[in-house]
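Working notes, beginning with the structure itself.
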Amino acid sequence: MTVRGLRPLTLLTVLLLAVGYGLAFFWAPLDADQGFRQKIFYLHVPLGIVALIGFVVGGYHGLRHLRGGKPGSDLRSYVAIHMAQIFAVAVLITGAIWGRTAWGKWWSWDEPFLVSFLIVFLLYCCYQPLRLSIDDPRRQARAASVFAVVAGAFVPINFAVVRMANQYLHPRTLTNSTDGSMPGSVAITFLVCLVAIAVLYATLVRYELLSKSTTFRLRALERQAGGDDLIPRRSAVPQA
Amino acid sequence: MSGLRTVWTVLRKDLLLERRSFELLPAMALLALGTMIVLRFALDQDAVVGDLAAGALLVPLLFAALLGVSRLFAGEERDGGIEQFLLSPAPPGALLGAKVVGLALVLLALEVVLVPAFALLLFGEPLFPVLREVLLVLFLLDLTLATIGGLVAGMAIGARSRELIVPILVVPLAIPALIAAQAALAPVLEPGAEALAWRWPGVLAIYAVVLALVGSVVGEYLVED
Amino acid sequence: MPPAPAALPAAQPGPAPGAPPAIVSHQLLSAHGQRAVIRGLDLRIETGQTVALFGANGTGKSTLLTLLAGLRSPHGGTLEVLGHPLPAERWALRGQIGLVAHAPLLYRDLSIAENLGYHARLHGLPESRVDEVLGLADLQERRDQPVAALSRGLVQRSAVARALLSDPALLLLDEPLANLDPVAAELVAGLIAPRPGRTRVIASHDPAAGLAEADQVIVLGSGATVKYVGPAGPLSVADLESLYRA
Numbered sequence: 000m001t002v003r004g005l006r007p008l009t010l011l012t013v014l015l016l017a018v019g020y021g022l023a024f025f026w027a028p029l030d031a032d033q034g035f036r037q038k039i040f041y042l043h044v045p046l047g048i049v050a051l052i053g054f055v056v057g058g059y060h061g062l063r064h065l066r067g068g069k070p071g072s073d074l075r076s077y078v079a080i081h082m083a084q085i086f087a088v089a090v091l092i093t094g095a096i097w098g099r100t101a102w103g104k105w106w107s108w109d110e111p112f113l114v115s116f117l118i119v120f121l122l123y124c125c126y127q128p129l130r131l132s133i134d135d136p137r138r139q140a141r142a143a144s145v146f147a148v149v150a151g152a153f154v155p156i157n158f159a160v161v162r163m164a165n166q167y168l169h170p171r172t173l174t175n176s177t178d179g180s181m182p183g184s185v186a187i188t189f190l191v192c193l194v195a196i197a198v199l200y201a202t203l204v205r206y207e208l209l210s211k212s213t214t215f216r217l218r219a220l221e222r223q224a225g226g227d228d229l230i231p232r233r234s235a236v237p238q239a
Numbered sequence: 000m001s002g003l004r005t006v007w008t009v010l011r012k013d014l015l016l017e018r019r020s021f022e023l024l025p026a027m028a029l030l031a032l033g034t035m036i037v038l039r040f041a042l043d044q045d046a047v048v049g050d051l052a053a054g055a056l057l058v059p060l061l062f063a064a065l066l067g068v069s070r071l072f073a074g075e076e077r078d079g080g081i082e083q084f085l086l087s088p089a090p091p092g093a094l095l096g097a098k099v100v101g102l103a104l105v106l107l108a109l110e111v112v113l114v115p116a117f118a119l120l121l122f123g124e125p126l127f128p129v130l131r132e133v134l135l136v137l138f139l140l141d142l143t144l145a146t147i148g149g150l151v152a153g154m155a156i157g158a159r160s161r162e163l164i165v166p167i168l169v170v171p172l173a174i175p176a177l178i179a180a181q182a183a184l185a186p187v188l189e190p191g192a193e194a195l196a197w198r199w200p201g202v203l204a205i206y207a208v209v210l211a212l213v214g215s216v217v218g219e220y221l222v223e224d
Numbered sequence: 000m001p002p003a004p005a006a007l008p009a010a011q012p013g014p015a016p017g018a019p020p021a022i023v024s025h026q027l028l029s030a031h032g033q034r035a036v037i038r039g040l041d042l043r044i045e046t047g048q049t050v051a052l053f054g055a056n057g058t059g060k061s062t063l064l065t066l067l068a069g070l071r072s073p074h075g076g077t078l079e080v081l082g083h084p085l086p087a088e089r090w091a092l093r094g095q096i097g098l099v100a101h102a103p104l105l106y107r108d109l110s111i112a113e114n115l116g117y118h119a120r121l122h123g124l125p126e127s128r129v130d131e132v133l134g135l136a137d138l139q140e141r142r143d144q145p146v147a148a149l150s151r152g153l154v155q156r157s158a159v160a161r162a163l164l165s166d167p168a169l170l171l172l173d174e175p176l177a178n179l180d181p182v183a184a185e186l187v188a189g190l191i192a193p194r195p196g197r198t199r200v201i202a203s204h205d206p207a208a209g210l211a212e213a214d215q216v217i218v219l220g221s222g223a224t225v226k227y228v229g230p231a232g233p234l235s236v237a238d239l240e241s242l243y244r245a
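Residue numbers (numbering that gives the first Met the number 0), protein chains in the order written: chain A, 0 to 239; chain B, 0 to 224; chain C, 0 to 245.
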């Protein structure tokens with residue numbers, strides 16, 4: 000992937016974001032209960048879905064790394080997870096803002112999506128510390144890939160269990176905005192926003208991959224030229 | 000050499016070592032008991048039932064399990080056991096398999112101390128009528144924790160700060176299992192115990208099986224450096 | 000000046016015609032953290048040869064042995080052991096390498112016999128092989144003592160016994176005679192003696208003894224330098240000692 004190839008993708012991302020959030024603000028109807036505040040739904044939920052898919056994609060690349068797939072698989076796994084972590088922070092922040100405006104509190108244990116997200120986030124917070132604690136680059140990539148696979152499988156299970164427990168502990172939860180039938184315009188707007196956020200994720204992943212691989216090539220050239228600084232510095236970033 | 004025979008070989012060696020040093024199980028039991036005493040004062044109740052009782056049983060178990068997981072490869076690292084193993088033609092995944100079985104056995108042995116202590120010190124109702132249900136849930140939880148522990152300890156082989164990495168990885172992975180065990184035990188431990196809702200042991204079993212499957216696919220890569 | 004590595008044919012037990020070399024490396028690189036420990040090492044060791052590995056403390060002797068055992072991945076260059084490129088085909092070396100490392104690789108809370116028994120089962124060897132090796136290493140009387148209670152010399156003998164259990168094709172020995180009294184040293188030297196098809200790499204600090212049985216010599220220097228790689232023939236003990244000090 001080159002900078003040239005990234006340009007159309009970037010333009011597409013900007014366009015989709017503009018259309019999606021244009022629809023969300025000017026076309027989709029105001030929510031009967033929550034009014035304008037409910038618009039954050041078009042940001043919060045797509046971010047959440049994309050972050051979760053990103054974690055699972057990280058697991059997929061981790062598995063490919065273990066199975067001796069393409070050499071860049073560990074880097075792809077790292078970047079997929081790293082970007083999903085950033086999206087996950089945004090999910091927790093937008094979720095808290097939504098909770099504050101809708102129910103008057105920053106955090107609610109009654110919202111299974113948010114609670115599951117916190118647990119998943121907590122687990123993925125250990126990803127970089129795990130990498131950093133293993134010096135040997137080959138071993139680090141191995142352990143990180145196993146983590147990515149295990150955690151990727153953990154994501155759906157965790158969601159199912161938290162949702163089940165929530166129904167059991169609080170049979171009458173607050174009505175969830177994603178439940179029930181959405182009016183057509185809401186559904187369409189939501190879908191466009193989801194696609195826009197997904198494309199944003201893919202674009203950012205590409206940018207980070209390009210940046211990292213360029214750095215590696217630069218370092219390799221420096222090493223060739225300088226001779227010294229033979230061994231890459233200890234780092235949580237894969238040394239592809 | 001087949002995988003199962005290797006698992007048995009390593010397991011037998013580990014059990015012999017634990018029998019001889021007899022340090023892990025007492026330490027885990029003491030930590031669990033200490034946690035129960037803390038809970039007595041934290042909850043400020045002489046006897047607990049229901050939700051609190053389930054939590055007061057599970058939290059000490061979790062702490063003890065954390066201790067067990069961080070010690071899982073301690074003997075191997077001290078005496079070069081992983082190198083020995085890698086120099087032999089034995090299948091690498093079997094080492095991790097043996098560790099999981101060993102940890103499960105240690106956790107089950109721990110219940111022999113933990114459950115009576117819980118019944119005597121904290122539980123406000125007679126435990127005997129619901130003993131079967133409690134033991135079933137704990138059995139499934141032990142298997143799940145042992146699988147998580149084996150995977151996490153495997154990831155942390157050769158990590159510099161193993162005692163930091165292991166607990167922070169085990170706890171989030173254990174949360175779904177602990178939620179399921181809590182939801183299963185809470186009604187059973189109410190006065191006038193309700194019947195066990197079978198879906199929660201089911202969830203535990205499914206989680207354990209999924210983890211075991213994932214582990215069997217990726218686990219061997221952890222040992223074979 | 001050290002003599003240049005000459006392209007002389009190897010001295011005694013020559014390679015069987017057509018047999019693949021036991022160890023081949025090209026520009027081998029290994030590092031601890033950011034510091035290179037071995038750099039630019041080119042090796043070609045034929046099957047059945049004995050290699051003496053010299054170098055002051057901290058020059059990478061143990062690192063090289065763990066690399067050859069497949070327990071550590073090279074950071075650069077290529078390495079082939081017993082015909083298998085490392086680290087890609089590390090699994091193929093399993094059971095073919097006997098390693099006597101700095102650490103004895105024995106469980107200190109188990110007895111000698113239990114340690115060897117465990118190792119034999121991992122290798123799929125019969126229990127009788129344990130007795131045989133215990134006998135060879137003259138450890139029968141001590142067989143039930145825990146390793147933690149043994150003197151360093153006895154631990155060393157047990158470690159050699161463990162390494163020889165599977166009668167490996169490649170022996171990697173890190174100062175195999177360390178901590179041994181003369182009688183025990185003679186016993187162990189006999190156990191690890193050259194045999195047809197057995198390739199040996201022996202790290203030692205004794206130039207005279209090391210040179211006496213070596214076909215090839217490797218001298219590692221500080222700062223990840225390689226001071227000499229080549230046949231032992233042209234080297235005298237005095238040459239080696241001056242290399243050592245240089």
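For every residue, glycine included, the Cβ atom is placed at its ideal position computed from N, Cα and C.
Here the structure is a predicted model, which is why all the values come from computation and not from measurement.
- Item | Chain-order list of residues whose beta-carbon lies under 7 Å from that of Glu113/C (same chain, five-residue window excluded) | So no residue of the chain qualifies.
- Query: Is the distance from the Cβ of Leu246/A to the Cβ of Val161/A below 7 Å?
  - Reply: Residue 246/A lies beyond the range of chain A shown here (0 to 239); nothing can be said about it.
- Task: Spell out whether any CB of chain A is found under 7 Å from the CB atom of Ser221/C.
- Result: no
- Item | Per-residue contacts from Asp108/C into chain B (C-beta, under 9 Å) | Leu15, Leu16, Arg19, Ser20, Gly74, Asp78
- Message: In this structure, how does DSSP classify Glu79/C when only helix, strand and coil are distinguished?
- Response: strand
- Item | Inter-stretch contact at 8 Å, needing at least 3 Cβ pairs: the stretch 187-196 of chain B / the stretch 120-128 of chain B | yes
- Name, in chain order, the residues that DSSP records as bridge partners for Asp173/C. Ala202/C
- Item | For Thr49/C, the three-state DSSP class (helix, strand or coil) | strand
- Message: Quick check on Arg43/C: does DSSP put it in helix, strand or coil?
- Response: DSSP places Arg43/C within a strand segment (E or B) once states are collapsed to three.
- Query: Using 8 Å as the threshold, is the stretch 118-126 of chain C in touch with the stretch 69-80 of chain C, meaning 3 or more CB pairs across them?
  - Reply: no
- Message: For Pro170/A, would you say it is in contact with chain B, using Cβ-to-Cβ distances shorter than 7 Å as the test?
- Response: Low confidence applies here, because Pro170/A scores a pLDDT of 48, under 50, leaving its location unreliable; read the following figure in that light. Output row for Pro170/A: interface = no.
- Message: Check this for me: beta carbons of Asn157/A and Ser107/A, under 7 Å apart or not?
- Response: no
- Excluding the 5 residues preceding and the 5 following Glu207/A in the sequence, name in chain order all residues of the same chain whose CB lies nearer than 6 Å to its CB. Val78
- Task: Pick out whichever of Leu163/B, Gly101/B, Asp78/B, Gln181/B has its Cα sitting closest to the Cα of Glu132/B.
- Result: The candidate whose alpha carbon is nearest that of Glu132/B is Gln181/B.
- Message: Which of the three DSSP states is assigned to Leu27/C in this structure?
- Response: strand
- Message: I want to see whether chain C comes within less than 7 Å of Arg137/A, judged by CB atoms only; does it?
- Response: yes
- Message: In whole angstroms, give me the CA-to-CA distance for Ala168/C and Ala158/B.
- Response: 32 Å
- Leaving aside the five residues before and after Gly61/A along the sequence, list all residues of the same chain whose C-beta is less than 6 Å from its C-beta, in chain order. Ser76, Ser144, Ala147, Val148
- Message: Below 8 Å, how does it come out for the stretch 24-37 of chain C and the stretch 201-215 of chain C: are there three or more Cβ pairs, yes or no?
- Response: no
- Message: Using beta carbons (cut-off 7 Å, strictly below), is Ser72/C in contact with chain A?
- Response: By this cut-off, Ser72/C is an interface position.
- Message: Under 8 Å, CB to CB, which of the residues in the stretch 201-222 of chain A have a partner in chain B?
- Response: none
- Per-residue contacts from Lys12/B into chain C (C-beta, under 7 Å): Those are Tyr117, listed as they occur along chain C.
- Item | Expected contact under 8 Å - CB spacing of Cys125/A and Leu168/B to nearest Å | 5 Å
- Query: Is Leu172/B close to chain C, meaning its C-beta is less than 7 Å from at least one C-beta of that chain?
  - Reply: No, no contact with chain C.
- Task: Could you tell me which residues DSSP pairs with Gly34/A in its beta bridges?
- Result: Asp30/A
- Message: I'd like to know whether the C-beta atoms of Phe86/A and Ala142/A end up nearer to each other than 7 Å.
- Response: Not a contact, by the Cβ cut-off of 7 Å.
- Task: Just mark Val119/A as buried or exposed, buried being the case when its beta carbon has 16 or more other beta carbons within 10 Å.
- Result: buried
- Query: CB Ala176/B to CB Leu203/B, shorter than 7 Å?
  - Reply: With respect to Leu203/B, Ala176/B sits close: the two C-beta atoms are nearer than 7 Å.
- Message: Does the structure place the stretch 133-150 of chain B close enough to the stretch 76-86 of chain B that three or more beta carbon pairs sit under 8 Å?
- Response: no
- Message: Per the DSSP calculation, Ile37/C is bridged to which residue(s)?
- Response: Ser29/C
- Euclidean distance between Cα positions of Val132/C and Lys211/A: 54 Å
- Unbroken alpha helix (DSSP H) runs of length 4 or more, entirely within the stretch 75-142 of chain B: which are they? 80-86, 92-120
- Val146/C: first and last residue of the uninterrupted alpha helix (DSSP H) it sits in: No alpha helix (DSSP H) holds Val146/C; DSSP gives it neither H nor E.
- Message: Assess contact between the stretch 104-115 of chain B and the stretch 132-141 of chain C, defined as three or more Cβ pairs (one per stretch) separated by less than 8 Å. Is contact present?
- Response: Result no; under three Cβ-Cβ pairs closer than 8 Å.
- Could you tell me how far apart the beta carbons of Leu81/C and Gln95/C are, in whole angstroms, since I believe they sit closer than 8 Å? Rounded, the Cβ-Cβ distance is 6 Å, consistent with contact.
- Item | Contacting residues, own chain, Cβ-Cβ under 7 Å from Arg161/B (five flanking each side not counted) | Ser69, Ala155
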